[in-house]
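Contents: one structure, followed by commentary.
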Amino acid sequence: MTNLPYERIVVLTGAGLSAESGLSTFRDKDGIWSKVRIEDVATPEAFARDPQGVLDFYNGRRNGAGEVEPNAAHAALARLEAEHKGDVLTVTQNIDPLHEAAGTRNLVHMHGEIRKVLCNHCGTRTPYEDDLTVDLVCTQCGNQGGLRPDVVWFGEMPYQMDRIYAALGACDLFISIGTSGNVYPAAGFVAEARGAGARTVELNLEPSEGITMFDEAIHGKATQVVPAYVE
Ligand code: BJW
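Letter by letter, the sequence shown follows residues 33 to 263 of the working numbering.
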């Protein structure tokens, strides 16, 4: 049973949370960015230059993630939301569906969801589980060639920023889990929460880029440190 003495909690999660479920992180030694270049797969310019190459990269990621299950850290965060007396908002940078699979409901996927497709022409976002190809036609607007994974690339605006900043401005506890603190705006959330007077806590395998902004840091594997901290 969770016993954290705070009213409004914001939890930020990153790739390290899903690492023990078998999903790769980005910036660790064998991470995704050690195998492919950001400029080739994770920018709007890459998609414009080589749409099928980018779609193949994400088709591979989605298929590789087929059998993945939430781990003990996802489960602990779902219990925190269910049992905590105050508000808990979970903001994830992850595009996998493991928070919701574990039962978290008050959730923002700020970098999108790999199991959805976004039409670059009309902006419609819809669930889509199959491989994407450049010849697909949008069922909403009828345009061909604009369908892409619903993920936020470098240079694009992450989702629900107004909701996130409102929660950061009102929170009294901010917990950052499994993120290296390299990518903005998420890397700046700890400063926002601190500015609002919140206690700031990092739960990560190692000190992140933003370590000096945290009041407390517990370093270890997410499946160990997250249940121990929130329960
Ligand atoms: C464990 C563990 C275990 C391992 N247990 N822990 C110059 C200065 C400042 C900003 C910029 C700048 N130039 C450009 C920018 C902006 C840019 C940016 O931040 N660039 C930086 C590289 C400098 N950002 C953007 O473009 C963003 N948009 C934007 O800024 O819009 C304008 C705006 C302005 C103001 C307000 C709002 C908006 C968009 C960023 C999009 C990021 N997209 C990606 C790809 C998504 C799709 C996909 O998955 O392919 O998102 S990149 C990638 O990085 C992915 C992640 O969500 C994101 C963060 O990575 P994360 O989660 O931190 O993973 P890692 O691998 O870095 O870290 C894992 C951590 O876990 C490590 O610390 C490990 O130790 C730990 N770990 N195992 C616990 N078992």
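Note that CB positions come from ideal geometry on N, CA and C, so glycine has one too.
Just so we're clear, the structure is a prediction, and the values are computed from it rather than from any experiment.
Exercise. At which residues does the alpha helix (DSSP H) containing Pro30 begin and terminate?
Worked result: The requested residue 30 does not occur in the structure, where the chain is confined to residues 33 to 263.
Exercise. Residues in its own chain within less than 8 Å of His141 by CB, not counting five upstream and five downstream?
Worked result: Thr124, Asn126, Ile127, Tyr191
For this session: Taking 8 Å as the cut-off, decide whether the C-beta atoms of Gly121 and Asn138 are in contact.
Result: At residue 121 the sequence reads Leu, which differs from the Gly that was named. Their beta carbons are under 8 Å apart, which means Leu121 touches Asn138 by this criterion.
Exercise. Between the C-alpha atoms of Ile70 and Leu87, what's the straight-line distance to the nearest angstrom?
Worked result: 14 Å
Problem set entry | Segment contact, 8 Å Cβ cut-off, at least three pairs: the stretch 102 to 117 with the stretch 191 to 203 | no
Exercise. Hey, would you say the C-beta of Thr232 is under 7 Å away from at least one heavy atom of the ligand BJW?
Worked result: no
Exercise. Are the stretch 238 to 248 and the stretch 215 to 224 in contact at 8 Å, needing three or more beta carbon pairs?
Worked result: yes
For this session: Counting only runs of 4+ residues fully inside the stretch 157 to 242, write out the alpha helix (DSSP H) ranges in chain order.
Result: 193 to 202, 221 to 227
Exercise. To which residues of the same chain is Ile41 closer than 6 Å at the C-beta, ignoring the five residues directly before and after it?
Worked result: Val120, Leu205
Exercise. Rounded to whole angstroms, how far is the Cβ of Leu130 from the Cβ of Asp182, which I believe are closer than 8 Å?
Worked result: At roughly 16 Å, the Cβ-Cβ gap does not stay under 8 Å, so Leu130 and Asp182 are not in contact.
Exercise. Given a threshold of 16 other Cβ atoms within 10 Å of its Cβ, counted over all protein chains shown, does Asn95 qualify as buried or as exposed?
Worked result: exposed
Exercise. Can you tell which of Ile207, His251, Trp185 has the C-alpha that lies nearest to the C-alpha of Asp232?
Worked result: First, the residue type needs correcting, since residue 232 is Thr and not Asp in the sequence shown. If we check each option's Cα against that of Thr232, Ile207 comes out closest.
Exercise. Within 10 angstroms of its Cβ, does Phe186 collect 16 or more other Cβ (buried), or is it exposed?
Worked result: exposed
Exercise. Roughly how many whole angstroms lie between the Cα atoms of Ala114 and Thr45?
Worked result: 18 Å
Exercise. In terms of DSSP beta bridges, what is Asp119 paired with?
Worked result: Arg40
Exercise. With respect to the beta strand (DSSP E) encompassing Ala249, which residues constitute its N-terminal and C-terminal limits?
Worked result: 248 to 251
For this session: Please list, in chain order, all residues of the same chain as Glu234 whose beta carbon is under 7 Å from its beta carbon, the five residues on each side excluded.
Result: Ser208, Ser240, Ile243, Phe246, Ala249
Problem set entry | Euclidean distance between Cα positions of Arg59 and Asn214 | 9 Å
Exercise. Is any heavy atom in the ligand BJW found nearer than 7 Å to the beta carbon of Glu52?
Worked result: yes
Exercise. Is the beta carbon of Ala202 less than 8 Å from the beta carbon of Ala228?
Worked result: yes
Exercise. Can you give the beta carbon distance from Gly178 to Asn152, rounded, assuming they're within the 8 Å contact cut?
Worked result: 4 Å
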